[in-house]
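The block underneath contains the structure these notes are about, expressed in structure tokens.
Protein chains: 2
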Amino acid sequence: MAEPLDVPALTATLDGTYVEVRNLTRKRLVEYAGVLDDARELDRAAFRERVKDVVVELAATGQTGLGFPPEHGGGGDIGASVAAFETMAFGDLSVLVKVGVQFGLFGGAILQLGTQRHHDAYLAPLVRAELLGCFAMTETGHGSNVQELGTVARYDLETREYVITTPDDAARKDYIGNAAAHARVAVVFAQLDVGGASQGVHAFVVPIRDDAGAPLAGVRITDDGRKIGLNGVDNGRIAFDGVRVPRENLLNRYADVSETGVYTSEIENPDRRFFTMLGTLVQGRVCVGGAGINASKVALAIAVKYALRRRQFGPPGEPEVLLLDYGLHQRRLLPRLARTYALHFAQEVLAGQLHAVFSATEEVDERTRRALESRAAGTKALGTWHASDTIQECREACGGAGYLSVNRFDALRADTDVFTTFEGDNHVLLQLVAKGLLTDYSSSFGELDQLGMVRFVAGLAVETVIERTAVHKLLERIKDVLPGSGDDSWDTDAGLLDPQYQLAMLRWREEHMLSGVARRLKRGMDGGMAPAEVFSRCQDHVIGAARAHVERLVLEAFVDKVASMAEGPNRDAMGLLCDLYALSVVETDRAWWIEHGRLSVQRSKAISREVSSLCRRVRPIAEDLVDAFGIPAELLRTEILAEDPLT
Amino acid sequence: MAEPLDVPALTATLDGTYVEVRNLTRKRLVEYAGVLDDARELDRAAFRERVKDVVVELAATGQTGLGFPPEHGGGGDIGASVAAFETMAFGDLSVLVKVGVQFGLFGGAILQLGTQRHHDAYLAPLVRAELLGCFAMTETGHGSNVQELGTVARYDLETREYVITTPDDAARKDYIGNAAAHARVAVVFAQLDVGGASQGVHAFVVPIRDDAGAPLAGVRITDDGRKIGLNGVDNGRIAFDGVRVPRENLLNRYADVSETGVYTSEIENPDRRFFTMLGTLVQGRVCVGGAGINASKVALAIAVKYALRRRQFGPPGEPEVLLLDYGLHQRRLLPRLARTYALHFAQEVLAGQLHAVFSATEEVDERTRRALESRAAGTKALGTWHASDTIQECREACGGAGYLSVNRFDALRADTDVFTTFEGDNHVLLQLVAKGLLTDYSSSFGELDQLGMVRFVAGLAVETVIERTAVHKLLERIKDVLPGSGDDSWDTDAGLLDPQYQLAMLRWREEHMLSGVARRLKRGMDGGMAPAEVFSRCQDHVIGAARAHVERLVLEAFVDKVASMAEGPNRDAMGLLCDLYALSVVETDRAWWIEHGRLSVQRSKAISREVSSLCRRVRPIAEDLVDAFGIPAELLRTEILAEDPLT
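Right, here's the structure in full:
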């Protein structure tokens, strides 16, 4: 690296289309930087109120309403709203999640599942945060399997009302953000019962508190109490004892019940209807993934800067060695830095697709929607696991200093911890990804549960399954770049830094893992095993295939980004990080490639050496690379960086 | 598993020699189970006082003084004190760590580094917790590299006092437990300066607060504030402005200064003296490792029981499937359960060795002491990483319920988080382990820093290094059990469940990794690289070799334990878990064995299949296996197990 990086230009590359909204958000975060201290020092009740006040104040600035239609006081720009949300992850995450609950989940449900009458009634006040609401989907006994929710909404023909009932404790709404203290209204997901026939899960607007904040008659609300993190958000439980709401409170974009009790829907198949409704809520997952990736940036910025100040051990009579000059410390931080950049660019592609689909003036075909949902699910899973892993490693890399709350890892780690299991448990989300790949988002995709997927796949020839996958079509020229046993380059380390080689490796793994899953499902079913048992036994392969798919998408996004940049030190640096990401992925899973005949032992060892070598090359630009994240200094005012007690 | 397990007998197997003291500790924990609620509900200041009160009350029962000499009010049983401490990890961990600070670190330093006059003056009151103290070693700028501490203790010939000074902010004592509020006295580690000559780090008893709790003149104490966890412990910073203490306050077991200012020590080499002093404090590491392992048991008990109650998805018209019937869920929890048992038995061996060395009536040779320290370091590293990993996985496996503090993962995870970096950073500890292996705990071991180790090893033939290792001697019959390429069993899955095969695999890896490190160090030095650079570049191999060593010791302990048990279902169950531990280790690192020609691709795949199969076989006895930990029900009274809202 002869020439220095142009850090502001790199920040601009990262900020992309939404540089303005990101900079405005940075400004807001600096104004509210004191919330980071409040999170440590206020008690739970006071901090909840503080966070609520911040959310209300932010709403007044327009910061939180960017994704809503202008006619209801919003900014009318989905992409901008995602960019603003992601950037808010540099600050306190209770504020972020409370914003997500109010505007993303509650507001999003009204917007996406409701019709004009709901928009007119609720959107403007909720965008202004005058009407606070919650999103009451999850129940104590039912999280991921939303279709089996226990709450019932029975249509009462006589009064033309829905009667909402919680039949047992397992069906109480649980972990609901905004429920314990602040929400006046809930969007409640319940089994719609019309004339004794169940029509599946639908969403209803249900008032839960009066203007003074007291629960309404028939609504029992309890507090979920202290949580690992996000204690500025008031999560709670809600149970309903025959609570009545007018017929108009059904969010009726996809189905309705007439006054006389006739159920109608444009979508005949109930499973497909259900998945279509859920699919409109995809923005939440996009936002959580992006938030996880940005929280990782904060942790890395602190840990990298600390490692460039803290010294430990060294030759006698000389200054001790900087932590980041240790090979192991580089290995702990720098591949995670590379993966953070990689995920950032993959998230950018995803957010762009979300914006395109939800801003489209013409009808978007179902396949495109399902593919978007799948990509959102996969990116959310990898982005949030990455956050947990990276923040934890950064904390440990800062030793005792990392354990002090003032140095930010406490809240970063605790607040993001639930990201891996809320807005869809990551494992369940990856199963969704695999289902999409294995069924090619076929028209029946929306109707298939896990066991249906098992039967569907087992009913096809493995070749048929694979030939329809997108990755299969990318693999035609594989022989040119991916050496196999017997090829000339099989035992050499030539071409490791060729993006085409790296892409071919990840594509080949994805295709091979998918066909492995298809084969296993088929074999299990052919052997007479019950579908549930077949699924259970190949579940880790299902997850593995989905992960391989997402890692391939992430690499493609990074490679494309590098290719799009102007030549110069910034592009060189991104190329270096892209190599480091790609080869780290291969190194981590190298046993698999060796086992499947696509990596020789010699080449595998060469990859490990190359990863170490890449780390040494990234080392001199590490601080520039974390500076380029553009995290305001006010948000990094940790003790370990602000003073200089280390030398 | 035709016959059911005998759970009480399995608990007795786990409790081992110290069943009585463990049961007594369980009883105490039940009496104080309310502290688990206090940890969630009290504010920081109140919880600190609560924890202090509990520690004082426990001291009155004799619970915390088991390791001290009877003549000073102790129980005179090192092994019992470790067993009691480990068992306390089932309860609140602030109480545990405060006990560790007061009796292990502070009391241990007085006991091990002091002489009769210190014992007479301090032991009885500190055992009764009338005198609260702290252990002031770590500084802001110096944690792991204790030899380079900045605090100075200058001997003033005129007044016959030591003058304790903190020269700069980097040298302030930091993260010191008991310092922020409760300690009256500190054991301060400082560079001893006698007549202008530095004699290296020594320990001094320094009063820091008056009876009313106010800092004494010249002592500046600040609070470390909120931490990720352990907020019942008052960690703080201490700086000294020329604080004077009498000559008698030097803890003078290994060195002394005469009234006339003559420095004397039985141990001439200053490095060896330093490491000898530090070595006497090994019990702290043994205790922390054991606590990590037992905290993992609590997490596993909750997660396994939850997975046997919570259902999700399944065939239409039937009850949903229990979480633990999913292959992936088994994969997430059961190998960790096996590893917990493995580490438990390894910890038992270690604690037994500690007891033997520290209870010996005759002088114990230095090599035995160094080997004990090495084993303690390695077991602490693996035991505490295991705790972080296991508790986190258990939290995620319980989804949203796992995120609620009432369900215990919050405090378990947050409180144990610092275990990986306190009492020795785990990476630094594994470097210590590797140093011992590579130098065969030679007489010069105690004198070698990292770079000295590099030079020492590089100066020997690789064969010489390896032939002196313990593992080399265990590998003589390797051909019989460890197939190599070309052998008949190379491509089959025969013998995977043979403990001799598993042991041979782990021994071979250890030896090969050690020789790889030796070769790399030699090559680097021969190539003219600076020792620091040589070390940096092969640091991950150093860590890898140490980890391989400890995993081998853990497997040996487990295999020995199984062999010692009477035939029957309990032994069968332990054999199953031992296989699962061993094959999980191989599976995780299978790329390495393949790369080094000791595992065929066919066999590698067979091992993955076998791990899944073993998980399915452990599944029916999983609840018995966590019940056998003997964690009192009062300590598992989490919401997710106490009620039944899931069905």
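Residue numbers (the numbering used here), protein chains in the order written: chain A, 1 to 647; chain B, 1001 to 1647. Glycine included, C-beta positions come from ideal geometry on N, C-alpha and C. Note that this is a predicted model, so its numbers are computed, not measured.
Report task. Rounded to whole angstroms, what's the CA-CA distance from isoleucine 1228 of chain B to valine 406 of chain A? Just pull it up for me. Result -> Counting only the Cα atoms, valine 406 of chain A lies some 10 Å from isoleucine 1228 of chain B.
Query - Own chain partners of methionine 1001 of chain B with C-beta closer than 8 Å, once the 5 adjacent residues on each side are dropped - result: Confidence in methionine 1001 of chain B is poor, its pLDDT being 48 and thus under 50, which makes the residue's placement too unreliable to answer from.
Report task. Would you list, in chain order, the members of the stretch 1573 to 1606 of chain B that have their beta-carbon closer than 7 Å to a beta-carbon of chain A? Result -> Among the residues of the stretch 1573 to 1606 of chain B, those with a Cβ less than 7 Å away from any Cβ of chain A are Arg1590, Ala1591, Ile1594, Glu1595, Val1601, Ser1604, Lys1605, in the order of the chain.
**Report entry** alpha helix (DSSP H) segment containing glycine 378 of chain A, residue limits
**Finding:** 366 to 397
**Report entry** Reduced DSSP category for tyrosine 1162 of chain B - H, G, I as helix; E, B as strand; rest coil
**Finding:** strand
Requested in this report: State yes or no: is the beta carbon of glutamine 539 of chain A nearer than 7 Å to at least one beta carbon in chain B?
Outcome: yes
Report task. Would you mind sorting valine 562 of chain A into buried or exposed? The rule is 16 or more other CB atoms within 10 Å of its CB. Result -> Burial check for valine 562 of chain A: the Cβ neighbour count within 10 Å reaches 16 or more, so the residue is buried.
Query raised in the report: Can you tell me whether valine 262 of chain A is buried or exposed, with buried defined as 16 or more other CB within 10 angstroms of its CB?
Result: With fewer than 16 other Cβ atoms within 10 Å, it is exposed.
Query raised in the report: Is the stretch 1124 to 1141 of chain B touching the stretch 1092 to 1111 of chain B in the sense that three or more CB pairs, one from each, lie closer than 8 Å?
Result: yes
**Report entry** In DSSP terms, what cysteine 1134 of chain B is bridged to
**Finding:** B:Ala1186
Query raised in the report: glutamate 266 of chain A by DSSP, collapsed to three states: which one?
Result: coil
**Report entry** Residue nearest to phenylalanine 358 of chain A in terms of C-alpha spacing, selected from A:Ala80, A:Ala518, A:Gln63
**Finding:** A:Ala80
**Report entry** Test: isoleucine 228 of chain A CB closer than 7 Å to a CB of chain B
**Finding:** yes
Requested in this report: Using a Cβ cut-off of 7 Å (strictly closer), state whether glutamate 1551 of chain B contacts chain A.
Outcome: no
Report task. Could you tell me which residues DSSP pairs with tyrosine 1155 of chain B in its beta bridges? Result -> B:Tyr1162, B:Val1194
Report task. Taking phenylalanine 535 of chain A and valine 454 of chain A to be in contact with their CB atoms under 8 Å, please state how far apart those CB atoms are, rounded to whole angstroms. Result -> 5 Å
Requested in this report: Measure the alpha-carbon distance for glycine 1218 of chain B versus asparagine 231 of chain A and round it to whole angstroms.
Outcome: 40 Å
Query - Contacting residues, own chain, Cβ-Cβ under 8 Å from leucine 1036 of chain B (five flanking each side not counted) - result: Gly1091, Asp1092, Arg1408, Ala1411, Leu1635
Query - Nearest to alanine 360 of chain A (by Cα), restricted to the options A:Ile78, A:Ala46, A:Asn178 - result: A:Ile78
Query raised in the report: At which residues does the beta strand (DSSP E) containing proline 1632 of chain B begin and terminate?
Result: Run containing proline 1632 of chain B: none; DSSP gives neither H nor E here.
Requested in this report: For leucine 250 of chain A, name the three-state secondary structure that DSSP assigns.
Outcome: Three-state result, leucine 250 of chain A: strand.
Query raised in the report: How long is the line joining the alpha carbons of glycine 1073 of chain B and arginine 1128 of chain B, rounded to whole angstroms?
Result: 8 Å
Requested in this report: Verify the CB distance criterion: does valine 99 of chain A have a CB-CB separation below 7 Å to chain B?
Outcome: no
Query raised in the report: Smallest Cα separation from aspartate 1336 of chain B: which of B:Tyr1306, B:Leu1300, B:Asp1038?
Result: Reading off the sequence shown, one finds arginine at residue 1336 of chain B, where the question assumed aspartate. Measuring C-alpha to C-alpha distances from arginine 1336 of chain B to each of B:Tyr1306, B:Leu1300, B:Asp1038 identifies B:Leu1300 as the nearest.
Query raised in the report: Should alanine 1545 of chain B and valine 1517 of chain B be called a contact, given that it needs their Cβ atoms to be closer than 7 Å?
Result: Cβ atoms of alanine 1545 of chain B and valine 1517 of chain B: closer than 7 Å.
**Report entry** Nearest-angstrom Cα separation, counted from alanine 181 of chain A out to alanine 1084 of chain B
**Finding:** 43 Å
**Report entry** Start-to-end residues for the beta strand (DSSP E) that takes in valine 1219 of chain B
**Finding:** 1219 to 1223
Report task. Give every residue of the same chain whose Cβ lies closer than 7 Å to the Cβ of alanine 1582 of chain B, excluding the five residues on either side of it in the sequence, and list them in chain order. Result -> Excluding sequence positions up to five before and after alanine 1582 of chain B, its CB lies within less than 7 Å of the CB of Gln1502, Leu1555, all in the same chain and listed in chain order.
Query raised in the report: Is glycine 1452 of chain B helix, strand or coil by DSSP?
Result: helix
Query raised in the report: Does DSSP classify leucine 300 of chain A as helix, strand or coil?
Result: helix
Query raised in the report: proline 1483 of chain B versus chain A: which residues are under 7 Å apart at the beta carbon?
Result: Those within 7 Å of proline 1483 of chain B in chain A number zero; the least Cβ separation is about 17 Å.
Query raised in the report: What's the C-alpha gap between asparagine 249 of chain A and phenylalanine 204 of chain A?
Result: Cα to Cα, asparagine 249 of chain A sits roughly 5 Å from phenylalanine 204 of chain A.
Query raised in the report: With a cut-off of 7 Å, does the C-beta of glutamine 1147 of chain B fall near any C-beta of chain A?
Result: no
Query raised in the report: Closer than 7 Å, CB to CB, is valine 1056 of chain B near chain A or not?
Result: no
Query - C-alpha gap between alanine 1255 of chain B and valine 1152 of chain B, whole angstroms - result: 16 Å
Query raised in the report: Given a threshold of 16 other Cβ atoms within 10 Å of its Cβ, counted over all protein chains shown, does aspartate 15 of chain A qualify as buried or as exposed?
Result: buried
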